[in-house]
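J.:
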Amino acid sequence: MQNLNDTFSALSDPTRRAILSRLAIGEATVMELAQPFSMSQPAISRHLRVLEEAGLITRRVEGAKHPCKLAPRGIVEIDQWLELLRKALETNYARLDKVLESQTVERKEKP
Amino acid sequence: MTITKMTLKTEGDKHVVVTRRFAASPEAVYLAHTEPSIIQKWLLGPDGWTMPVCMSEARPGGKIRYEWADGKGKGFYLTGEYVTLEPFRRIVHVERMHLPGPTPDNHVETTFEPDENGTLMTIRMTLPDAQTRQGMLASGMEHGMEASYVRLEAML
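Quick note, the sequences are listed as chains R and B, same order.
Numbering follows this note's numbering, in which position 10 of the first sequence is assigned residue number 10; successive positions increment by one, without gaps.
Numbering follows this note's numbering, in which position 32 of the second sequence is assigned residue number 143; successive positions increment by one, without gaps.
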């Protein structure tokens, strides 16, 4: 738990969240990650260093390439994002519950 | 523990499946997803957002257009088309977000089944590929979860 703050600041950046989302599909090299974001490789490398220091990704050496993949902590984070998405949807549905409830009161005689 | 009302999970490479139970008839829940005047009351995202424009032509080929605004100059919109409507049972439609560039098409099948307390709704989304699905989940989080993120930050 000591690097919870590192984790949070690593996740506070939209590009880094998008990188984690991409890595959820599978391992990728810096070049593969740089392409969809139209960012330079050094810029992506800086983001990757932050994610690595926060323990969210791991990198291995394969010749000149350093493919990245999600660390177990990163997988947990993705699960937590899904949990946040669930909560966001739930905000809408809780509102719909109230709308439906007021309709039921209006038409109480209906089955 | 309360009964889990909602589930959200990924399925295979390209699908996202959401289920939710409602204490109302399938007819009422179906209409809440097709009638603009009802949609505008609840499909709003975080507190403070509104839907100033809501078009929902509930017939095959009918257009969908939802525009959201946060009242402070930020906003985005969604367009789509209805494909199939089986009243009070099933809706098939295609949608895309404009952020402002359009996201790849999301094919959505929504079913409304009576269950003991009301309705079980199941939304099955099909995205073109795994990467698009991840992007959608991430951008959904981007837009829908700012409030949650702020709360999370406050906790740390």
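Cβ coordinates follow ideal geometry from the N, Cα and C atoms, glycine included.
None of these values were measured; they are calculated from a predicted model.
1. With respect to the beta strand (DSSP E) encompassing H204 of chain B, which residues constitute its N-terminal and C-terminal limits?
2. Measure from the C-beta of Q151 of chain B to each C-beta in chain R and report whether the shortest distance is under 8 Å.
3. Taking C-beta to C-beta, are E90 of chain R and M236 of chain B nearer than 8 Å?
4. Ordered along the chain, which non-local residues of its own chain (more than five positions away) have a Cβ less than 6 Å from that of T104 of chain R?
5. Which same chain residues, not among the five before or five after L119 of chain B, have their C-beta less than 6 Å away from its C-beta?
6. Residues of the stretch 70-91 of chain R in Cβ contact with chain B at a cutoff of 8 Å, in chain order, please.
7. How many Å lie between P225 of chain B and Q151 of chain B at the Cα?
8. Can you check the stretch 142-217 of chain B for any alpha helix (DSSP H) of at least 4 residues that lies completely inside it and give the ranges in chain order?
9. Shortest alpha-carbon distance to L182 of chain B belongs to which of B:T161, B:T222, B:L189 and B:L155?
10. Can you give me, in chain order, the residues of the stretch 173-202 of chain B that have a beta carbon less than 7 Å from any beta carbon in chain R?
11. Going along chain B in order, which residues have a C-beta closer than 7 Å to the C-beta of V41 of chain R?
12. Does the beta-carbon distance from P213 of chain B to Y193 of chain B come in below 8 Å?
13. DSSP three-state call for E122 of chain B: helix, strand or coil?
14. Starting from the beta carbon of R235 of chain B, find every residue of chain R whose beta carbon is closer than 9 Å, and list them in chain order.
15. Please look up how many angstroms separate the CB atoms of R95 of chain R and L155 of chain B, rounded, as I've assumed it's under 8 Å.
16. Please list, in chain order, all residues of the same chain as H204 of chain B whose beta carbon is under 7 Å from its beta carbon, the five residues on each side excluded.
17. If distances are taken between C-alpha atoms only, which option among R:D97, R:Q41, R:A43 and R:D79 comes closest to L56 of chain R?
T.: So, from the listed chains and residues:
1. R201 to H209
2. no
3. no
4. For T104 of chain R, where only same-chain residues beyond five positions count, there are no Cβ hits under 6 Å.
5. The residues are V129.
6. W81, L82, L84, L85, R86, K87, A88, L89, E90 and T91
7. About 24 Å.
8. 147-153
9. The residue you asked about is not Leu; residue 182 of chain B is Gly in the sequence shown. If we check each option's Cα against that of G182 of chain B, B:T161 comes out closest.
10. none
11. The amino acid occupying residue 41 of chain R in the given sequence is Gln; Val does not appear at that position. Under the 7 Å cutoff, chain B gives no residues; its nearest Cβ is about 19 Å from Q41 of chain R.
12. The Cβ-Cβ distance between P213 of chain B and Y193 of chain B does not fall below 8 Å.
13. strand
14. Result: empty, since nearest Cβ-Cβ is about 14 Å, beyond 9 Å.
15. 7 Å
16. Non-local C-beta neighbours of H204 of chain B in its own chain, meaning closer than 7 Å and more than five positions away in sequence, comprise I175, G191, E192, Y193, V194 and V219, ordered along the chain.
17. R:D79
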